[in-house]
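All residue numbers for the sequence shown refer to full-length UniProt numbering, where the first residue is 1 and numbers rise by one.
Virtual Cβ for every residue (Gly too), placed ideally from N, Cα, C.
The structure presented is a predicted model; accordingly, all values stated were derived computationally and were not measured.
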Amino acid sequence: MTVPGLLTFGETLAAFGTAEGKLRHASTVDVGLAGSESTVAIGVARLGVEAAWAGRVGADEPGALVLARLREEGVDTSAAVTDHEAPTGLALKDFRSRDSPRVAYYRHGSAGSRLCPEDVCEDRIAAAGVLHLTGITPALSGTAAKAVLAAVEVANDEDVPVSFDLGYRQALWSPQDARETLLDLVTRADIVFARDDEARLLGFDGTPEELASSLSSLGPEEVVVRLGPRGAVAELHGSRYDVPSYPIRAIDSDGADDAFVAGYLADFLTEAPPERRVRTAAACRALALSVEGDWEGLPDREELTQLPRPR
Numbered sequence: 001m002t003v004p005g006l007l008t009f010g011e012t013l014a015a016f017g018t019a020e021g022k023l024r025h026a027s028t029v030d031v032g033l034a035g036s037e038s039t040v041a042i043g044v045a046r047l048g049v050e051a052a053w054a055g056r057v058g059a060d061e062p063g064a065l066v067l068a069r070l071r072e073e074g075v076d077t078s079a080a081v082t083d084h085e086a087p088t089g090l091a092l093k094d095f096r097s098r099d100s101p102r103v104a105y106y107r108h109g110s111a112g113s114r115l116c117p118e119d120v121c122e123d124r125i126a127a128a129g130v131l132h133l134t135g136i137t138p139a140l141s142g143t144a145a146k147a148v149l150a151a152v153e154v155a156n157d158e159d160v161p162v163s164f165d166l167g168y169r170q171a172l173w174s175p176q177d178a179r180e181t182l183l184d185l186v187t188r189a190d191i192v193f194a195r196d197d198e199a200r201l202l203g204f205d206g207t208p209e210e211l212a213s214s215l216s217s218l219g220p221e222e223v224v225v226r227l228g229p230r231g232a233v234a235e236l237h238g239s240r241y242d243v244p245s246y247p248i249r250a251i252d253s254d255g256a257d258d259a260f261v262a263g264y265l266a267d268f269l270t271e272a273p274p275e276r277r278v279r280t281a282a283a284c285r286a287l288a289l290s291v292e293g294d295w296e297g298l299p300d301r302e303e304l305t306q307l308p309r310p311r
């Protein structure tokens, strides 16, 4: 019997980057994609669970690149929309110095920013095992924010669990503009992921354990507060879990939080016990940190067994 899979909804950008140095000096670039939601989808698929991504891309080569790469990774893109009036967003990565990466995003007026409630596939949400969203999408535009709320309402009506990663991006909106929307989405979600600084942005304070409890008090039954290299704290159905970190050399932090979410949701969908979910999440984060790129280091199940013991 097939396990109902992940459906995620948001913007994915075509990504181009140098291996080192400034873009102006490069003669070749690495080509790929970037986007929190699609990174989670790839991570879930690599762990052997069905995953689908829905969003908008332009009718252009970057859009074709996004769809082709996702399909190569086993992610279902049949619910994606091709926008003939707007381009696919871009992410350009280079380095000021060897250890100082920088990323420029070109997403103003992009196809992804034109997401709207009409793009929400009600039948796909109803058939999903979990709907995963982030706080990035509602920051893109008014119509994208309405689309996220529409997707959540469908999931709530169909009793489909909603996973929400706060994913606050300062470049997209101010804390004041973000707070009300993020709080509203937390109250509508079943599973919530947040960095400790994101929980504080919502107005909460205290220890990581207190932050997890504060978020849980808003309604979600499963809350994970990520603490970077210090691991994470989870409050799951009223029980507390300390999530370990793994002793691994960090190469690139891009996509590490999304890897954590992917590991957790893959085990959630296969009904693994809570203590296994959080350990899988931590292991996925560690392996993602060990490789350059947003999604390239996302592990499969076999790779999870090759990590050293957590701290």
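Taken in chain order, the unbroken stretches of beta strand (DSSP E) that lie wholly in the region 120–158 and span 3 residues or more are 130–134. Beta bridge pairing from DSSP links R102 with D94. In this structure, the straight-line span from the alpha carbon of R276 to that of V233 is close to 14 Å. For the pair S163 and L185, the CB atoms are not nearer than the 8 Å cut-off.
Looking from the CA of R24, the closest CA among F95, V243, Q170 and L7 belongs to F95. With respect to the 8 Å criterion, A126 and E158 are classified as neighbours on the basis of their beta carbons. Annotation for L166: G135, L182, A194 and E198 place their beta carbon closer than 6 Å to its own, counting only its chain and skipping 5 residues before and after. In this structure, G10 sits near G55, with a CB-CB distance shorter than 8 Å. The beta carbon of G206 sits closer than 8 Å to the beta carbons of S214 from its chain, once the five residues preceding and following it are set aside; these are given in chain order.
Proximity to H237 across V224, S36, V243 and A139 peaks at V224, based on C-alpha coordinates. In summary, D76 is buried, with 16 or more beta-carbon neighbours lying within 10 Å of its beta-carbon over all protein chains present. As far as DSSP is concerned, Y264 takes part in no beta bridge. Of the candidates T280, V148, D294 and G293, T280 places its Cα closest to the Cα of L307. If you look at T8, you'll find it in the beta strand (DSSP E) that goes L6 to F9.
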